[in-house]
Amino acid sequence: MESLSNRKKVLEQKPMNFWERLYLPAIFQGMAITFKHMFKKKETIFYPEVEREFSENWRGMHSLKRDEQGRERCTACGLCALSCPAEAITMIAAERQKGEEHLYREEKYAAVYEINMLRCIFCGLCEEACPKEAIYLDGPIVPANYLRKDFIYGKDKLVEDPINIESPVAGN
Amino acid sequence: MARKLLLEHINVPGIHTFDVYRKQGGYRSVEKALKSMSPDDVVEEVKKSGLRGRGGAGFPTGMKWSFLAKPEGKARYLVCNADESEPGTFKDRYLMTYIPHALIEGMIVSSFALGAKTSYIYVRGEMMPQIRILEKAIDEAKNAGFLGKNILGSGYDLELYVQPGGGAYICGEETALIESLEGKRGNPRIKPPFPAISGVWGCPTVVNNVESIAAVVPIINDGGDEYAKVGIGRSTGTKLISASGNLNKPGVYEIELGLPVEEFIYSDEYCGGIANGKRLKAVVAGGSSVPILPANLVLKTVSGESRLMSYESLAEGGFQSGSMMGSGGFIAFDEDQCIVRNTWNFSRFYHHESCGQCSPCREGTGWMEKVLHRLEYGHGKMSDIDLLVDVSKKIEGNTICPLGDAAAWPVASAIRHFRDEFEWHVSNPKEAMERNYGIGNYADPLPANEVPVAN
Amino acid sequence: MAVIYIDNVPYEVKAGKNLLEACLSLGFDLPYFCWHPAMGSVGACRQCAVKLFKDDQDTKGRLVMSCMESVRDNLYCSIEDTTAKAFRSQVIEWLMTNHPHDCAVCDEGGSCHLQDMTVMTGHAYRRFNYKKRTYNNQYLGPLINHEMNRCIQCYRCVRFYKDYAGGKDLDVFAAHNNVYFGRATDGVLENEFSGNLAEVCPTGVFTDKTLKEHYTRKWDLTMAPSICQHCSLGCNIIAGERYGELRQITNRYNGDVNGYFICDRGRFGYEYVNSLNRIQHPLIRSHVPEAVNRETLFDHLKPLLSGKVIGVGSPRASLESNFALRQLVGENQFFSGVPETTAEMMEIILSVFNTGDVRIPSMKETEEADVVLILGEDLNNSAPRLALSVRQAVRNNPVEVANTINIPAWHDAALRELVQSEKGDCFIAYPVITKLDELASGTYYISPDEIARLGYAIANFLDPQASAVPDLQGNMQGHAVLIGNSLQKAKNPLIVTGVSLQNPSIIKAAAAIAAALGEGDRKAMLAVVVPDCNSMGLAMMNAPSILNSTALSTIGSPDTLIILENDLFSISQEAQISEILDRSTNIIVLDHLHNPTSARADIVIPVGTFSEADGTLVNNEGRAQAYFQVYMPKNENLRESWRWLSDLKNLRDGTTDANNVTPHDLIRQLADKMPQFTGADQAMPTADLRIKDQKIPREPHRYSGRTAMNANLDVSEPKPPSDPDTPLSFTMEGYKGLQPAPLNSFFWSPGWNSNQSVHKYQMEVGGALYGGNPGVRLFNHINPGDRSYMNGIPPRFKPDKENWEMLPLPHLFGSEALSSLSKGIAELSPQPYVAINSMDAESLNVDEGSILQVIIEGVQYELPVKIKPELPARTAGLPYNLQELTGIKWPAHGQLVKG
């Protein structure tokens, strides 16, 4: 039958000569490669004891950032959720009350912020959409888990630790 | 001495009182008009005189009057615009203070011509003394039978009211004035419809400047043709000029239109030259809103003729090299004045006085003021100068009322003629804080036939 | 028609419009701010600039504001011109100089006209790098939030609030780029239409405060076309939901009904849907535990349905639900759950509408009236949106004058200057001062009976065939002549009346005036305000009131009484209701909220509110309009009443429906059974309607978080709920183009994310929606023949020393039970009071605020006195249907005793 795509290549099988039929040269060639690798640097990394060095634009687990005074940057504007192609982000916005100025940077904040990590494709569009520099995919690999529900990451897992931030205001 | 029509008797003691004014021949025009003329005759005389609006725009007064709609059963109004608040202009205040009856007399004749039974004098709110003077003058005129019911037995009734202004420059714009007079916020209206169709309380209205109305008196007394003989070309009659700035003798002068600018500045009859023997750097010829001109362009036009104090001559050269008669606020700057600072000052005024209705003026004036402030205080960039030109160009002609133009012109013209000085402010910020640019080449004679490059 | 050339392409457009409207109607995207289709042009924002050329030879042209340019033949303009484009982008740059760019925290973000226009003009980079001006915000009450920094000074708010809606307490202050839009001091906005500021404002200065409590972006809402449930006018609304909570009500344009605006009760009264007081499970009181599942319920119900079953319909339930109940209990066992007097008045209204002696105006048509007579209604409180229409109507006469001097109707600025405070004639007869009195050329503060007598006197003046009023009070004839003359001169007179004062004679009198005015097929307009959102629909079913004495005798003692979505204890005296309830062995209540009636029920069945159900309502003009379920409640017990009732019918008959019953099926059956509903089935589309084989989505295509929002319940994504009842789908999938107008779930168009996109759905700007405005009018009959008058002139009102006449005074906030459950509205509702005039107060020796005992048929209320000097003698006003004052049988008389 004629090929439909006109891309069909007909391969001709040449008959093997004597040396080839012996297979020995091929075996030695193969073993040589094997032995050579025994003396090379190992590529295997013993994760999780050892972690691979990530490139600068590596996209890992999301983190919700705080500003230099330790206040949450996220204002729950919803642009990350809007841009998410997997529709894996959802949030509930709340108004900052009087006296909470040290907790939240602007007058709105995310009371609930959830990412369905099972759905997330780590495309980084949320990071790109964020007008407040509040979300970055700068974390480690999202760890495996036993239960599906443990892949729903709320603010408890996403928000940056306040302790890491040196701040005159934090802690009051 | 040149001929005086408005301020002829200004030096007569007690001219502000009715009796003295009457003795000097005051209210003759009322008698003449009401007894021997029809309203249309009066309008015709004013048309013949070629009188042009003295408030700034220079629109022929007679023409304006003839546009007034006269629908059945609707009142008509004459409003005198005495909301004089342009920086550099103070002629109306002078007139109202010293010879109030000239205005009252003009109001009566003009109201008669327009068929207005009620007329208003809208006086700038800050001019409280003038308001009292006018009210007193109205009382006197009323007692003498020149106001009220059946004036001089002619069957014509007129009530004249003085309305203190709302305290904003914009209320001097005729439609904003009408709004303010109605007790509303002084925001200009969109034209059309013009006030001549729908003005105060939706009725046909004419708004005229104080000086225009006062000028009706000599027109009626001597006849329109006689008046038209004074002046030059289409700039007929006399004009009050408020001269201020670095002059030896600043003040209000009545000039015959057509007087050379040079004579006005340097002759002893008028301003008497630049104070302290300095040199003239620039002139704002008609109140803060008209384009500023450097000394060489204000004394001579581009074609080398000497510039005259007339509507046409001052405007010769258009926006490239001319200016405007405006309201006659003549401000002279000597060599020690900073044009950037002056432009900023004007800009600050227009920003503050913008009513806030339409976007270009509301936001644009504020922006220009901020840029100019930065330039003046040595933080400017070269790109700021082009930004100013761009913003001012976009404001010009695109606002509801002329305040946008008034704010844009001084900035645009200052940059056009004094760009060196602006650039010097950017390139030498430290020096600019300590001293002024000086006269530069602004007083140098113009090379023959060279037209300044347009921006 | 005129031919205009836009960028050298000829277009035929309607004359008499402005260029901006013409361009938008043609589908061009031209940015604007200050212009509003309902409010006209003022030319302030300078955003809609285009290049205008003198003729086809002119290449220079000049910039003009398209909203200020009349369309005329051979007009040449250019939208694409580079200077025009540069200027438009410059205007945005100007506006942006002081705009805070806080879209991320702004409630308007995502549905913001300013965002849309900024993108449209292409302005992207700022050159302004100075400090922005800032303002202090004001507290404007529990409904509207104020954030002045975002203001771009388009003046739309004050133009709407002051000029259009007649508000007094919002204004513009200061000057230049520091102008401030707000109140003189902090305080609650007084106008009934303040909520529209949130929609009129092109950016986030005025926003919906109730939305803020559970904030959601427009793109994240599941929305459906709906009908307001809080008065009889049937304003079209869009209701939006997320996370199983109703979150926002916005206006849905309907050119015939509400146009661009709704009242605050309609906009903010939705929170009862999210109430904790909702009935969540079927309850059987005798069962332990009370809450049962559906099987147990049906097992329990089956025997109860076979005996004598009486059904009580509801004026706030849909036609479908009422009809399903009627089908279940049978025609003769179906009663309406409205007070007796209301039923009587509804009967009169129906008979008037059916004679064809009057023209029944839509709200749009009322706006075109030139003389208005209001008999016995306080419109701002009983039918607020109609008050807004009347406010526009009184301008018609003076505006006509403007046309004679060539000022076009869209030129709002010039019109207001010319018209000033001149108004057309408007007469109001009502016992107390109403907000519309400021428009009126004549106001008459008289008792209800006297209002009716005045009405009859006018009718008699207009047509001597109408019966004369005997014993007319002194100046009444004079008033009648004055009003009659004005009405007679009118080209398009409008009579407004209603049931508020609980006086049937008033309606008869109003009908008599309208009939007397009409000639041939040119009938006068008669608009009638009825109590509830479906009062008209229920009345058209011709069921007698359950409180009617003859009805009572036929009821006897039934086995089962089914009460549909109705709190009977709120409509009449407790004793009377208890007497009826006591007759029945079993009481079944279907309702969405616990109330005194459901507390008395043996079986309570939870039902969906308007946002959880589909249905059809008939408004006061007899317009059948459909509303659609917004979301599928998580609790599957919350089903539509008609679905429960259809199930109960199947249960009793032992049948099963092969197919799902849809609301359209029910309406069709209803129309088959009762010819008066012919046409109503057109209002509710069939469930199998598809456009290009697709359903119509309830969610915008940018809806977010679908795989995450329910992940806490079930990580494996559940199938989205399907909607077998209507052509709408619960997801974002479906047909994205223009839908039939009744199915507009939201207004959105590419580049137009805000509600301003509505013009993309209109055939011409401000005109009808594509495919016609939603709703089907059920009364279209005009009788060109003889006039008929109803008699029943009440005797002259005589102040009774002992027996005071009680007047029910409606309140925008408080008089409607469901909306009063919203937090903000409850806060604004009045405290109970008794209003009397100063003379009576003197004779009772009481002052403002002192406590009076009010005794109505043995029930005693202690109320503070409010002095309303205009009240007729020996009448006392009580706020109608306030929570503390429900259960009064109107019309009522009572005694006032100093306490």
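Protein chains in written order, with this note's numbering: chain A, 1 to 172; chain B, 1001 to 1455; chain C, 2001 to 2899.
Heads up, the beta-carbon is just placed ideally off N, CA and C, and yes, glycines get one too.
According to the Cβ coordinates, are residue i and residue j closer than 7 Å?
i: valine 2009/C; j: alanine 2002/C; result: no
i: lysine 2508/C; j: valine 2358/C; result: no
i: tyrosine 153/A; j: isoleucine 121/A; result: no
i: proline 2544/C; j: alanine 2551/C; result: yes
i: proline 2202/C; j: cysteine 2154/C; result: yes
i: glutamate 1174/B; j: valine 1206/B; result: no
i: glycine 2424/C; j: aspartate 2370/C; result: yes
i: glycine 1055/B; j: asparagine 1081/B; result: yes
i: asparagine 1345/B; j: aspartate 1444/B; result: no
i: tyrosine 2627/C; j: serine 2226/C; result: yes
i: isoleucine 1241/B; j: aspartate 1334/B; result: no
i: isoleucine 1099/B; j: isoleucine 1015/B; result: yes
Which residues mark the beginning and the end of the beta strand (DSSP E) in which residue i is found?
i: proline 1164/B; result: 1159-1164
i: methionine 2065/C; result: 2062-2065
i: glutamate 2344/C; result: From DSSP, glutamate 2344/C is part of no beta strand (DSSP E) but of the alpha helix (DSSP H) over 2340-2355.
i: glutamate 2640/C; result: Unbroken run through glutamate 2640/C: none, as it is neither H nor E.
At which residues does the alpha helix (DSSP H) containing residue i begin and terminate?
i: asparagine 2397/C; result: 2396-2404
i: glycine 1456/B; result: Since the first residue shown for chain B is 1001 and the last is 1455, residue 1456/B is missing from the structure and cannot be characterised.
Residue i: buried (16+ other C-beta within 10 angstroms of its C-beta) or exposed?
i: valine 2496/C; result: buried
i: histidine 2701/C; result: exposed
i: proline 2718/C; result: exposed
i: tryptophan 19/A; result: exposed
i: glutamate 1434/B; result: exposed
i: leucine 11/A; result: exposed
i: lysine 2218/C; result: buried
i: threonine 2296/C; result: exposed
i: leucine 24/A; result: exposed
Open item on the list: So if I threshold CB-CB distances at 7 Å, which residues from the segment 2687-2718 of chain C count as touching chain A?
Closed with: Arg2702, Ser2704, Gly2705, Arg2706, Thr2707, Ala2708, Met2709, Ala2711, Asn2712 and Val2715
Open item on the list: With three or more C-beta pairs closer than 8 Å as the rule, is the segment 1348-1359 of chain B touching the segment 2175-2183 of chain C?
Closed with: yes
- [ ] Answer yes if the segment 2857-2874 of chain C comes into contact with the segment 2826-2842 of chain C, meaning at least three C-beta pairs across the two stretches below 8 Å, and no otherwise.
- [x] yes
- [ ] Report the residues of the segment 2118-2140 of chain C with a CB closer than 9 Å to any CB of chain B, ordered along the chain.
- [x] Arg2127, Phe2128, Tyr2130, Lys2131 and Arg2133
Open item on the list: Closer than 7 Å between beta carbons: that is the criterion. Which residues of the segment 1129-1155 of chain B meet it against chain C?
Closed with: none
Open item on the list: For the segment 2786-2798 of chain C against the segment 2463-2474 of chain C, do three or more pairs of beta-carbon atoms, one drawn from each stretch, fall closer than 8 Å, so that the two count as touching?
Closed with: yes
TODO: Output, in sequence order along the chain, the residues in the segment 1353-1364 of chain B whose CB is closer than 8 Å to any CB in chain C.
DONE: Glu1353, Ser1354, Cys1355, Gly1356, Gln1357, Cys1358, Ser1359, Pro1360, Arg1362, Glu1363 and Gly1364
Task: Touching by the beta-carbon criterion (3+ pairs, under 8 Å), the segment 2182-2195 of chain C and the segment 2232-2248 of chain C - done: no
TODO: Tell me, please, whether the segment 1038-1050 of chain B touches the segment 1070-1078 of chain B by the rule of three or more beta-carbon pairs shorter than 8 Å.
DONE: no
Open item on the list: What are the residues in the segment 2098-2112 of chain C lying within 9 Å of chain B by C-beta distance?
Closed with: Asn2098
TODO: Decide if the segment 2567-2580 of chain C is in contact with the segment 2320-2331 of chain C; the criterion is three or more beta carbon pairs, one per stretch, under 8 Å apart.
DONE: no
Task: the segment 2712-2730 of chain C contacting the segment 2754-2764 of chain C, beta-carbon criterion three pairs below 8 Å - done: no
Open item on the list: Does the structure place the segment 2707-2723 of chain C close enough to the segment 2743-2761 of chain C that three or more beta carbon pairs sit under 8 Å?
Closed with: no
TODO: Scan the segment 1196-1211 of chain B for residues whose Cβ lies nearer than 8 Å to a Cβ of chain C and list them as they occur along the chain.
DONE: Ile1197, Ser1198, Trp1201 and Gly1202
Open item on the list: Any contact between the segment 1031-1050 of chain B and the segment 1260-1270 of chain B? By contact I mean 3 or more CB pairs, one from each, below 8 Å.
Closed with: no
- [ ] Select from the segment 2210-2231 of chain C all residues with a C-beta closer than 9 Å to any C-beta belonging to chain A, and list them in chain order.
- [x] Lys2212, Glu2213, His2214, Tyr2215, Thr2216, Arg2217, Trp2219 and Asp2220
TODO: Determine contact between the segment 1105-1113 of chain B and the segment 1312-1324 of chain B, defined as no fewer than three beta-carbon pairs at a distance below 8 Å.
DONE: no
Task: Segment contact, 8 Å Cβ cut-off, at least three pairs: the segment 2039-2055 of chain C with the segment 2401-2412 of chain C - done: yes
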